[in-house]
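Student:
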Amino acid sequence: MPIAQAAEKDELASAKNLIEQVQMALERANLAEKQADTPTRPRYDFDYLRIKADLNTIKAGIDHYLTPSRAQQQESNVLSGHYRQERP
205 MPIAQAAEKD
215 ELASAKNLIE
225 QVQMALERAN
235 LAEKQADTPT
245 RPRYDFDYLR
255 IKADLNTIKA
265 GIDHYLTPSR
275 AQQQESNVLS
285 GHYRQERP
């Protein structure tokens, strides 16, 4: 494997690890938000489920690139990018 290709794979693996760290931070933030004892709630909440799905899509794309198979090409999901939910 050429050095440049090995470096790319290392960087992508590092990016995946960073995404996993972001996911852990988001889990902590979500837990803190759920445990918050605030009488007045904001009109909008952060959409933790949507960002989790988007980050999982990115990680799956990295995995798919790093471990290609001869199977049929998968359809990629579109990232949302919108993480604010309006309260009912």
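Going by our numbering, the sequence shown runs without a break in its numbering and finishes at 292.
We put the beta carbon where it would ideally sit given N, CA and C, even for glycine.
(1) For Ile266 and Pro206, I'd like the C-alpha separation in whole angstroms.
(2) Could you give the DSSP three-state label for Arg232: helix, strand or coil?
(3) State the beta-bridge partners of Tyr248 as determined by DSSP.
(4) Tell me whether Ala240 sits in a helix, a strand or coil according to DSSP, three-state version.
(5) With 16 as the cutoff for other CB atoms within 10 Å, does Asp214 come out buried or exposed?
Tutor: So, from the data block:
(1) 19 angstroms
(2) Correct three-state label for Arg232: helix.
(3) Looking at the DSSP output, Tyr248 sits in a beta bridge with Glu290.
(4) Three-state DSSP puts Ala240 in coil, outside helix and strand.
(5) exposed
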